[in-house]
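Input: a single structure, listed below in structure tokens.
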Amino acid sequence: MKTLVLAEKPSVAREIARVLGCTKKGKGSIEGAKYIVTWALGHLVELKTPEDYDNRYKTWKLEDLPIMPKEMKLKVMKKTGAQFHHVSQLAKRKDVGELVIATDAGREGELVARWIMEKIHFNKPFKRLWISSQTDKAIRDGFKNLQPGQAFNRLYESALCRAEADWLIGLNISRALTTKFEEPLSAGRVQTPTLAMVFEREKTIQSFKPQTFWTIEAEFSQFKAQWQGSKDKRIFKEEEANIRYKNLQGNKAVVKSIRKKKGTEVQPLPYDLNELQREANKRFQFSAKKTLNVLQKLYEQHKLVTYPRTDSRYLTTDMVATMRDRLESIAGTYKEEVRPLLKGNPTLPKRVVNNEKVSDHHAIIITDQPLFLSDLSADERKLYELIVKRFIELFYPAYEYEKMTIELDINGERFVAYGKRTVEQGFKGLFGGGENDQALPLLKENQELTVQNIDLKTGLTEPPQRFSEADLLAQMEKHNLGTPATRADIIEKLLSAESIERTNHRLYPTKKGKQLIDLVAEELKSPELTAKWEQELENIARGKGNAKTFMANIRKQTEKIVSDVKKSEKTYRPHNLTGSKCPECGELLRERKGKNGRMLVCSSHDCSYRRAKDPKLSNRRCPQCHKKMEIHNGKAGTYFQCRRCQITEKAEDKKKKVSKREERNLLKKYSDDGSFGSSLGDALKQALQKKD
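Residue numbers (the UniProt record's numbering): 1 to 692.
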């Protein structure tokens with residue numbers, strides 16, 4: 001009997017098949033003596049849509065809501081139907097005795113496999129491959145230690161609850177808002193409270209009133225000190241600032257106290273997905289989605305890092321013995337940093353190894369796969385270097401420093417100077433040492449110092465900044481909105497729905513987003529409610545929650561929120577209406593963003609008029625700035641224009657290339673004997689001479 005192995009993607013399936021010795025390739029599988037490896041294409045099965053239950057739901061009507069089937073049913077996705085059929089046939093083969101689920105080791109991966117199994121009515125024994133890296137060794141070890149499939153039933157229940165809850169709330173609320181206010185409006189269990197946080201930050205910024213403040217700085221021969229009040233170093237009254245400033249002129253300073261304090265900064269923990277996305281956004285301006293995509297390639301294709309969709313920053317005890325192998329895999333590239341570690345016994349800090357703080361997967365670290373940096377793209381290399389440097393730092397000592405605080409008195413006014421010096425570089429000496437503050441001289445209490453200058457400075461208080469993606473991810477993690485695996489998609493969904501926009505790496509709510517937040521129910525905007533749902537889903541996965549109770553509450557909540565939308569007396573004004581009228585029906589045009597630029601679309605649902613607002617870009621390059629030129633059709637024909645440089649060129653100005661076919665026809669026409677031995681140039685030359 002053979003074992004059927006179900007992977008999530010073809011690329012992963014090929015690697016598993018190679019390790020298992022499967023070589024016979026079919027349309028949707030790779031077969032060997034003992035194993036048949038097949039794959040999903042992401043999801044092959046999904047929840048049925050409303051119109052699958054009743055054809056009348058094809059037309060969106062407010063009175064039909066909420067749509068809540070008694071039993072949620074599955075259907076095969078059309079675009080991946082052929083692969084589903086192939087998996088189904090393999091599962092039903094008489095020589096297949098069991099199934100190994102080898103989809104991603106997480107909540108979503110479990111759902112992918114279980115839905116396929118349910119739809120094909122799989123009733124044979126099944127096991128689970130649960131690995132955290134895609135190296136050959138990890139795959140081999142994983143197949144030696146396959147776990148019972150039923151051990152992951154709770155994880156499947158949690159994934160199923162999440163999918164059904166998102167269907168019930170997201171679909172019903174979005175349909176209710178769209179039909180009530182006659183505008184495509186999208187709301188959901190996680191995306192709406194996330195949008196609400198962006199909106200609240202915007203409200204804080206808009207209501208902020210700047211205040212003028214003053215600071216006073218005293219300059220000495222070897223250092224500087226700042227005036228310090230009982231609560232703040234800023235003075236908010238100009239008269240008070242001027243009085244204090246005059247009071248300080250021509251006076252000596254007396255050292256009142258000198259305090260020294262030693263401090264230690266321990267090595268940072270390894271990355272989880274959320275922390276890595278934040279770091280990549282801060283350093284490289286990567287979006288959360290881009291970081292996840294690049295990380296997935298490092299995991300699946302290059303096999304250089306462990307499982308990416310993790311929410312843990314800790315490692316397990318069974319991993320300790322693998323650290324030397326991992327360090328040896330990078331010793332050729334990071335010689336100076338790694339070789340000293342390999343001379344002894346590389347040891348992890350005790351706080352990093354904690355089995356209780358690892359749920360499904362440990363932190364993201366490097367694997368023992370040999371490293372060839374030249375194989376990586378620029379983005380892959382940037383992200384890998386973040387992970388590998390954080391990993392190496394774990395094996396070096398903590399950073400030690402000494403802080404010094406000097407308190408001075410100048411004519412009754414309190415001034416403070418801060419200094420910091422490095423005692424032991426530790427891990428900070430690897431990739432950029434510890435930062436030293438100003439060096440403070442050796443002084444004694446009651447020592448008198450000459451003040452060289454007193455400087456009165458003014459400034460304005462500033463509002464908080466708008467969220468970057470790193471900031472928003474931190475807030476989502478703080479309020480337990482979504483999971484590390486879904487947060488990137490939530491942000492992208494808000495961007496694509498035009499509820500928020502990204503400008504200079506900061507997130508702004510749009511006019512549409514501001515109105516949407518005003519229209520949705522208060523409880524749907526609440527991060528606390530969504531965080532409670534996420535915690536309940538986590539409890540279900542751990543066997544501490546009740547799936548039926550959770551879904552019953554979701555259904556009640558859906559009914560209430562839809563009812564609130566129906567009763568609402570609020571109005572919505574389309575955010576993208578222009579002053580231009582549709583040439584076909586006279587209604588105002590709306591501006592929408594499309595894949596090929598901005599479009600003008602008729603606001604009437606009965607009219608299909610649409611046209612591009614922005615001119616199309618051609619492949620013709622501006623001779624001055626070398627950017628792509630716009631293509632236009634005028635009275636004199638087609639022309640190219642670079643608005644930036646005010647350069648215009650006729651389309652005919654560019655020489656047309658002769659195709660191979662045209663060249664053969666011309667050669668045949670102008671050559672004497674019809675042969676193709678000479679070039680087209682020679683043939684034309686002979687033809688002209690003959691004419692003369």
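Quick reminder that beta carbons are idealized off the backbone N, C-alpha and C, glycines included.
Could you spell out where the beta strand (DSSP E) holding residue i opens and where it closes?
i: residue 212; result: 212–219
i: residue 642; result: 637–642
i: residue 226; result: 224–227
Roughly how many angstroms separate the alpha carbons of residue i and residue j, rounded to a whole number?
i: residue 242; j: residue 462; result: 23 Å
i: residue 547; j: residue 152; result: 15 Å
i: residue 306; j: residue 333; result: 19 Å
i: residue 162; j: residue 647; result: 56 Å
i: residue 601; j: residue 283; result: 39 Å
i: residue 156; j: residue 103; result: 13 Å
i: residue 88; j: residue 23; result: 21 Å
i: residue 456; j: residue 240; result: 12 Å
i: residue 134; j: residue 142; result: 10 Å
i: residue 361; j: residue 639; result: 58 Å
i: residue 348; j: residue 398; result: 12 Å
i: residue 574; j: residue 515; result: 9 Å
i: residue 324; j: residue 46; result: 44 Å
i: residue 154; j: residue 107; result: 10 Å
i: residue 622; j: residue 632; result: 15 Å
i: residue 473; j: residue 488; result: 8 Å
i: residue 423; j: residue 402; result: 7 Å
i: residue 223; j: residue 367; result: 48 Å
i: residue 552; j: residue 121; result: 27 Å
i: residue 335; j: residue 301; result: 25 Å
i: residue 542; j: residue 81; result: 33 Å
i: residue 654; j: residue 624; result: Note that residue 654 has pLDDT 48, beneath the 50 cutoff, so the model's placement of it is unreliable and the number below is only indicative. Looking at the two C-alpha atoms, the distance is approximately 16 Å.
i: residue 230; j: residue 427; result: 37 Å
So, helix, strand or coil for residue i, using DSSP?
i: residue 177; result: helix
i: residue 634; result: strand
i: residue 579; result: strand
i: residue 745; result: Since the first and last residues shown for the chain are 1 and 692, residue 745 lies out of range.
i: residue 257; result: strand
i: residue 99; result: strand
i: residue 619; result: strand
i: residue 654; result: Model confidence at residue 654 stands at a pLDDT of 48, short of 50, so the residue's coordinates are unreliable; what they give is reported in the following sentence. The answer is coil: DSSP assigns residue 654 none of H, G, I, E or B.
i: residue 142; result: helix
i: residue 355; result: helix
i: residue 1; result: coil
i: residue 32; result: coil
i: residue 676; result: With a pLDDT of 46 at residue 676, under the threshold of 50, the predicted position of this residue should be treated as unreliable, though the coordinate-derived value follows. Of the three classes helix, strand and coil, the one that applies to residue 676 here is coil, per DSSP.
i: residue 401; result: strand
i: residue 263; result: strand
i: residue 172; result: helix
i: residue 459; result: strand
i: residue 531; result: helix
i: residue 122; result: coil
i: residue 347; result: coil
i: residue 233; result: coil
i: residue 6; result: strand
i: residue 252; result: coil
i: residue 366; result: strand
Are the beta-carbon atoms of residue i and residue j separated by less than 8 Å?
i: residue 298; j: residue 363; result: no
i: residue 320; j: residue 330; result: no
i: residue 259; j: residue 405; result: yes
i: residue 371; j: residue 315; result: no
i: residue 526; j: residue 193; result: yes
i: residue 387; j: residue 271; result: yes
i: residue 650; j: residue 637; result: yes
i: residue 257; j: residue 448; result: no
i: residue 112; j: residue 530; result: no
So is residue i buried or exposed if we call it buried at 16+ other beta carbons inside 10 Å?
i: residue 626; result: exposed
i: residue 199; result: buried
i: residue 58; result: exposed
i: residue 165; result: buried
i: residue 342; result: exposed
i: residue 608; result: exposed
i: residue 236; result: exposed
Answer with yes or no whether the minimum CB distance from residue i to chain B is below 8 Å.
i: residue 481; result: This model lacks chain B altogether, as it is built from one protein chain only.
Can you determine whether any heavy atom of the ligand ADP sits closer than 7 Å to the C-beta of residue i, and answer yes or no?
i: residue 542; result: As far as ligands go, the structure on display features none, and thus does not contain the ligand ADP.
I'd like the span of the alpha helix (DSSP H) that includes residue i, first residue to last.
i: residue 517; result: 511–519
i: residue 156; result: 153–166
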